[in-house]
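Sequences listed follow chains A and B, in order. Heads up: the first sequence begins at 1 in this note's numbering, then just goes up one per residue. Heads up: the second sequence begins at 1001 in this note's numbering, then just goes up one per residue. Even glycine gets a Cβ: it sits at the ideal position worked out from N, Cα and C. Take a look at the structure set out below.
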Amino acid sequence: MSIRPTHFNPLARLLHWLMAIMIIAMLFIGAGMVASVSQRHEWLINLHKPLGIAILLLAIVRVAVRLATRQPPLPEDLPGWQAMAAKASHLLLYALMLVLPLLGWAMISAAGDPVMLGSSLQLPSIVPADAQVFALLRKAHGYLAYLLFLTVLLHLAAALFHGWIRRDEVLDSMLRGRDRG
Amino acid sequence: MVDRTSPSGGPQRPPLSAASVVLRLGGIAVVVAALAGAFAYVHGTLDPQRLTPKALVDVLEKNNGVHPGFRRNHAKGVCVIGHFESSGEARVYSTAQVFNDPRTPVVGRFALPAGNPYTPDSAVPIRSLALRFTQANGQQWRTGMNSMPVFPVGTPEAFYQLQQAQSPDPATGKPDPSKVPAFFASHPEAVPFLTWVKTAKPSASYATETYNGINAFYLVDASGKKQAVRWSVTPLAQDAAGATAPEGSDFLEKDLVQRLAAAPLRFQLNITLANADDPVNDASKTWPAGRKVLNAGTLVLEKTQPQLSGECRDVNYDPLVLPAGIQGSDDPLLAARSAAYASSYLRRTSEVSQLPATRQEARP
């Protein structure tokens, strides 16, 4: 059996940090646009749609990279509940970064609106137009976005806990490719 | 064979002092709180005074009551089905397929600009017409038009204040009659609208009115050149125009059903081209006469459908749903309409099962 790496694969790290920026930007764009009646609303919504599809595509690549590469193990002395929480929160993050763009796409479809990524780039509808389905999907999109933001905050707090309090290799394994000297 | 690394992965680190642990935990709390605080700021949570889509729809509900499943404004109406026959005249100015194809299907809606679906037809001197053109390429053009030539105000903030002036006073349960005149006294931009509304009478028919897009848009040609425009539809049949409204509260829909049973209704789509210095960001200002007007084609309305079961029910006539070749201007009312309609649309689509017709249909 091969020895497990101590750090994440470079492609996995690139995807992690790129998507971290995109997802946090996306959460702020969404939170801002639903609370605005100014032209910012229009500007943000025109960013929100193509960025969401970009996140969906990258999330698919990321799941493939995750399955194709080995991840560094968690520290041996990590309490069981923390190891469980780590696994569960990562699973939730992956699920939400796939589900939220799909819900956004589906809710626009259910509203009977053309799914436009720009002034002329149009995606097909993925669910038939139905007002009640729209209301359900639109609410799910909002509530799950709050859940994603909370999970991101938890993820950030846990990463800093590993780096600043436990001072183990967990944060480092995503920050750099090899051990500190 | 190891599944977990050794505790430190390297040389043992000296344990942190209690003070240091507290300080570092505090540091983590600060980072997390900063991000959560920024999110709350962007979301408007920290700023209850911010004008949000929710606030705009809430004030409409406060003034009109909540009528579950109905639009929060223009609540009483009727669906119309038809098509648009392009004349080709707008083709030079816009690449939109609707101006190039000979025929584009339309789902429209005539309505009263009031938030109560049981408002008598004679209570408001304004009628509205919303249209959704579905192009062959799947793109859509949606527009909501009114029978007035200008909007009373030019900004969403002023519109909100005008609604607030009509809100019931908590002490009396009725609007304070001094508030609307006070609002208009401090909003001189409303003069063109007030001048028009003085002579406006509730029409006896939807079919005899001219409907104005009011907000400005841009037509975009193949080279990307933009031309600021406003559009309107005017009836081609001139019968009975200006007839006074009959008694009764629901004559508009009956009149429309009768007319369409006899023959389709035809309207001309006029597109007015702005001159260089005409205001494109202020719907409270008219454009001077003498502007070039294109006859873009003919809107043919063929049949009606009840609004509670017709195709228009689930359409959000968001004025910023536009095909390639038409763009919104920087009129601040456009973005505000788009944002507020989305909020109203979510509320009413969540209440579809409470609509009267839906309940009737559910009966055996």
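Using a C-beta cutoff of 8 Å, does residue i count as contacting chain B?
i	result
F28/A	yes
S210/A	Since the first residue shown for chain A is 1 and the last is 181, residue 210/A is missing from the structure and cannot be characterised.
P5/A	no
A70/A	Note on identity: in this sequence residue 70/A is Arg, with Ala being the wrong assignment. Not one chain B Cβ lies under 8 Å of R70/A.
G177/A	no
R167/A	yes
H41/A	yes
G32/A	yes
A95/A	no
F134/A	yes
A20/A	no
A12/A	no
A131/A	yes
W17/A	no
W105/A	no
A35/A	yes
Should residue i go down as buried or exposed, given a rule of 16 or more other Cβ atoms within 10 Å for buried?
i	result
L1023/B	exposed
S1353/B	exposed
A1342/B	buried
V1021/B	exposed
L1046/B	exposed
G1173/B	exposed
L91/A	exposed
Y1218/B	buried
R176/A	exposed
Y1345/B	buried
T1349/B	buried
A1237/B	exposed
E1302/B	exposed
G1010/B	Model confidence at G1010/B stands at a pLDDT of 48, short of 50, so the residue's coordinates are unreliable; what they give is reported in the following sentence. G1010/B is exposed by the Cβ-count criterion.
K1225/B	exposed
G1037/B	exposed
In its own chain, which residues sit with a C-beta less than 7 Å from the C-beta of residue i, not counting the 5 before and 5 after it?
i	result
A1158/B	H1187
G1328/B	F1217, L1320, L1322, L1334
G1297/B	F1084, E1085, S1086, S1087, L1269
H155/A	S89, L93
R138/A	M107
L1365/B	Here chain B comprises residues numbered 1001 to 1364, so residue 1365/B is not present and cannot be evaluated.
M174/A	F8, R13, H16
What did DSSP end up calling residue i once you bin it into helix, strand or coil?
i	result
T1172/B	coil
N1270/B	strand
Y1218/B	strand
L154/A	helix
Q1161/B	helix
N1063/B	helix
L27/A	helix
I3/A	coil
W17/A	helix
R1337/B	helix
S1284/B	coil
F1110/B	strand
Q1140/B	strand
S1344/B	helix
N46/A	helix
N1100/B	helix
Does any CB atom of chain A fall closer than 8 Å to the CB of residue i?
i	result
T1104/B	no
P1149/B	no
P1332/B	yes
T1349/B	yes
L1112/B	no
I1081/B	no
L1320/B	yes
G1009/B	At G1009/B, the pLDDT of 45 sits below 50, so the modelled position is not reliable; the number obtained from the coordinates is stated separately. With 8 Å as the cut-off, G1009/B counts as an interface residue toward chain A.
F1099/B	no
R1091/B	no
Using C-beta distances below 8 Å, list every residue in its chain close to residue i, excluding the 5 sequence neighbours before and after it, in chain order.
i	result
L1210/B	The sequence as given places Thr at residue 1210/B; Leu does not occur at that position. Result list for T1210/B: S1147, S1232, V1233, T1234, P1235, in chain order.
A1136/B	Q1097, D1101, T1104
L1355/B	P1068, G1069, F1070, L1308
Looking only at its chain, what residues have a beta carbon closer than 6 Å to the beta carbon of residue i, apart from the 5 residues adjacent to it on each side?
i	result
T1119/B	K1076, L1112
A140/A	L103
L58/A	M19
L123/A	V115
Problem set entry | Proximal residues, the stretch 1044-1068 of chain B versus chain A, C-beta separation under 9 Å | G1044, T1045, D1047, R1050, L1051, T1052, P1053, K1054, A1055, L1056
Report the residues of the stretch 136-162 of chain A with a CB closer than 7 Å to any CB of chain B, ordered along the chain.
-> R138, F149, L153, L156, A157, L160, F161
### Residues, ordered as in the chain, of the stretch 1288-1317 of chain B that lie near chain A by beta-carbon distance below 7 Å
D1314, V1315, N1316
Handout entry: Interface residues of the stretch 78-91 of chain A facing chain B [CB-CB below 8 Å]
Key = L78
request  = Identify each residue in the stretch 107-122 of chain A for which the Cβ-Cβ distance to at least one residue of chain B is less than 8 Å, and report them in chain order.
outcome  = A111, G112, D113, P114, M116, S119, S120, Q122
Margin query: Give me the subset of the stretch 1132-1156 of chain B whose CB atoms are less than 8 Å from a CB atom of chain A, sorted by chain position.
Written below: N1137, G1138, Q1139, Q1140, P1156
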